Amino acid sequence: MEKELRSTILFNAYKKEIFTTNNGYKSMQKKLRSNWKIQSLKDEITSEKLNGVKLWITAGPREKFTAAEFEILKKYLDTGGDVFVMLGEGGESRFDTNINFLLEEYGIMVNNDAVVRNVYHKYFHPKEALVSSGVLNREISRAAGKAVPGIIDEESSGNDAQALTFVYPFGATLSVMKPAVAVLSTGSVCFPLNRPILAFYHSKRQGFPGWSAWCSHSSL
1 MEKELRSTIL
11 FNAYKKEIFT
21 TNNGYKSMQK
31 KLRSNWKIQS
41 LKDEITSEKL
51 NGVKLWITAG
61 PREKFTAAEF
71 EILKKYLDTG
81 GDVFVMLGEG
91 GESRFDTNIN
101 FLLEEYGIMV
111 NNDAVVRNVY
121 HKYFHPKEAL
131 VSSGVLNREI
141 SRAAGKAVPG
151 IIDEESSGND
161 AQALTFVYPF
171 GATLSVMKPA
181 VAVLSTGSVC
191 FPLNRPILAF
201 YHSKRQGFPG
211 WSAWCSHSSL
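The opening position of the sequence shown corresponds to residue 1 in the UniProt record's numbering, with each subsequent residue numbered one higher.
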């Protein structure tokens, strides 16, 4: 397949997603429109529907994907397309989806669990977990405007003041193995401890570099 101009961000809405362009992501959609064409997919995934799409997003799918749809998405990734998958606490069993079938191809799986902050915090529900020291890749902090000299982990107490702190609401953890890379974790305060919650996979296929990201909650 030849390279094509990709200028569209496509939000999937065919699998009863919890969040779509009209529900949950209106403000983000407005910000993206200045540089991207935003569309919503309310029909079955086909290769034609993904033509010109730079990023395909599914935020909390609550129906199963077909084998044909997975094959189309894998081909889309292999030819330079980007994918962003989000789920929530309870994983596949709670959402009644089968998205792990695709994720496992790239070394990622959403677990059927929940992240809870085990230290009292007056501002948030226990499952609205305030994560500190959860950055596993310094580029995340750099992109957020934080000057962190090295990789942050639970033992880097000297970096605590500079580390990125974020709320992770009603989310699950991930199991991550190569070729995927974990970039955010639950840190040392939330339970389960030090478990991945955001991971990337980068296709190194010559001529068609593509990125995929998986996060285990859809309201980040």
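Heads up, the beta-carbon is just placed ideally off N, CA and C, and yes, glycines get one too. None of these values were measured; they are calculated from a predicted model.
| message | Suppose only complete runs of 4+ residues qualify. What are the alpha helix (DSSP H) ranges in the segment 9-33, listed by chain order? | response | If we require 4 residues or more, the alpha helix (DSSP H) runs fully inside the segment 9-33 come out as 26-32.
| said: Can you check which of these residues, I72, I57, R138 and V53, is closest to F19 by C-alpha distance? | reply: Nearest of I72, I57, R138 and V53 to F19, Cα basis: I57.
| message | Taking DSSP's pairing of strands, which residues face D82 in a bridge? | response | Beta-bridge pairing links D82 to L55.
| said: Assuming contact is defined by CB atoms lying nearer than 9 angstroms, are P130 and T165 in contact in what I supplied? | reply: A small fix is needed here, since residue 130 is Leu in this sequence, not Pro. Closer than 9 angstroms, so yes.
| query | Between E155 and the rest of its own chain, which residues show a CB-CB distance below 7 angstroms, the 5 nearest in sequence each way excluded? | reply | Because the pLDDT at E155 is just 47, under 50, the model does not fix this residue reliably, and the value given afterwards should be weighed accordingly. In the same chain as E155, and ignoring 5 residues on each side of it, no C-beta atom comes closer than 7 angstroms to its own.
| field | E69 versus G91, D43, G60 and G80, residue with shortest Cα-Cα distance | value | Taking each of G91, D43, G60 and G80 in turn and checking the Cα distance to E69, the smallest one comes out for D43.
| query | When the Cα of R33 is compared with those of Y120, T8 and K49, which residue comes out closest? | reply | Comparing C-alpha distances from R33 to each of Y120, T8 and K49 shows the shortest one belongs to T8.
| said: On a Cα-Cα basis, can you pick out the residue from G60, S93, G90 and E48 that is closest to K75? | reply: Here the closest residue by C-alpha is E48.
| message | I'd like to confirm the pairing. Which residues does DSSP put opposite R117 in its beta bridges? | response | Paired residues: C190.
| request: Tell me A172's beta-bridge partners as DSSP assigns them. | output: BP columns for A172 are empty, so no partner.
| query | Where K178 and K37 are concerned, what is the direct C-alpha to C-alpha distance, given to the nearest angstrom? | reply | Their backbone Cα atoms lie some 33 angstroms apart in a straight line.
| How many whole angstroms separate the CB atoms of N111 and G91, which I take to be in contact at a CB cut-off of 8 angstroms? | Correct: roughly 6 angstroms between the Cβ atoms.
| Taking the alpha carbon of I45 as the point to measure from, which residue in S133, Y14 and L198 has its own alpha carbon closest? | Measuring C-alpha to C-alpha distances from I45 to each of S133, Y14 and L198 identifies Y14 as the nearest.
| Ordered along the chain, which non-local residues of its own chain (more than five positions away) have a Cβ less than 6 angstroms from that of V181? | Excluding sequence neighbours, V181 sits near F200.
| query | In this structure, what does DSSP give as the bridge partners for M109? | reply | Beta-bridge pairing links M109 to S175.
| query | Which class does A143 belong to by DSSP, given the choice of helix, strand or coil? | reply | Residue state, collapsed to three classes: helix.
| When burial is assigned at 16 or more other CB atoms within 10 Å of the CB, is T66 buried or exposed? | Exposed: under 16 other Cβ atoms inside 10 Å.
| Is I197 near V119, with beta carbons less than 9 angstroms apart? | Going by C-beta atoms, I197 is not nearer than 9 angstroms to V119.
| So which of A172, E63 and R117 has the shortest CA-CA distance to E17? | Of the candidates A172, E63 and R117, the residue whose Cα lies closest to the Cα of E17 is E63.
| said: Just verifying my parser: in three-state terms, what is the DSSP assignment at K37? | reply: In this structure, K37 counts as strand in the three-state DSSP scheme.
| request: Taking E105 as the reference, give the member of P126, F95, T79 and L73 with the closest Cα. | output: Nearest of P126, F95, T79 and L73 to E105, Cα basis: L73.
| request: Note down the Cα distance separating T186 from L10, rounded to an integer number of angstroms. | output: In a straight line, the C-alpha of T186 is about 29 angstroms away from that of L10.
| Host beta strand (DSSP E) of L184 (start-end) | That run of the beta strand (DSSP E) goes V181 to S185.
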